[in-house]
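Anchor point for the sequence shown: position 64 equals 63 in numbering that gives the first Met the number 0, and the numbering is continuous, going up by one each time.
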Amino acid sequence: MQKKLLNNFEEIIASLFICCTLVLVVANIFLRYFVKTGIPWSEEAATACFVWSVYIGASAAYKQGQHIGIDLIVKHFSNNMRNVVQLIVHLILFFVIVFICSLSILYIKTTYIKVTPVLAVSSAYISCSIAVSFVLMAIRTIILIIKDIKMIRDLKGA
């Protein structure tokens with residue numbers, strides 16, 4: 000059960016945030032049209048939940064290999080060479096992800112002072128979604144690098 004939760008962590012969290020977004024928006028629409036009142040903070044909270052769902056969802060898509068990739072040349076290589084190229088790509092991606100994560104931390108520091116207009120909470124809580132997303136991507140990339148190394152060793156041993 001725990002392994003299933005860990006394997007689907009990004010999908011579960013992104014789904015929870017998108018469900019919160021949906022509930023807040025639908026509740027506010029219902030209240031505005033039928034009760035003639037609304038929840039003043041619902042749009043801001045829904046936007047924050049949506050931002051979190053997008054960034055965590057991007058991490059889930061990365062984990063599943065659903066981001067755009069170009070394999071036109073690589074697909075003509077042998078299996079061993081393809082695995083070596085894949086390892087190099089994952090290593091490059093890891094360093095890019097770590098770099099973007101460090102930039103996102105700097106961004107969080109700049110948004111810490113800024114508060115949201117209605118909820119009056121720090122914008123850093125929303126900005127943290129970027130760093131969390133890239134940390135999750137870095138973890139998934141490390142796992143992919145380990146798998147790549149194992150595949151290269153297995154092919155050399157065979």
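Beta carbons are placed, not taken as given, at the ideal position from N, Cα and C, and that holds for glycine.
C-beta contact flag for residue i and residue j at 9 Å
i, j, result
"A244", "L118", "Residue 244 is absent from the model: the chain starts at 0 and stops at 157."
"N78", "L23", "no"
"S126", "S101", "no"
"F93", "I144", "yes"
"A130", "I96", "no"
"T115", "A60", "no"
"I128", "Y54", "Before going on, a small fix: residue 128 reads as Ser here, not Ile. A contact, by the Cβ cut-off of 9 Å."
As assigned by DSSP and simplified to three states, the class of residue i
i, result
"V117", "coil"
"I67", "coil"
"I11", "helix"
"S77", "coil"
Where the alpha helix (DSSP H) through residue i begins and ends
i, result
"Y111", "First-last for Y111: undefined, no H or E at that position."
"V34", "Premise fails: V34 is in no alpha helix (DSSP H) and is neither H nor E."
"L4", "1-6"
"W51", "41-62"
"K149", "123-156"
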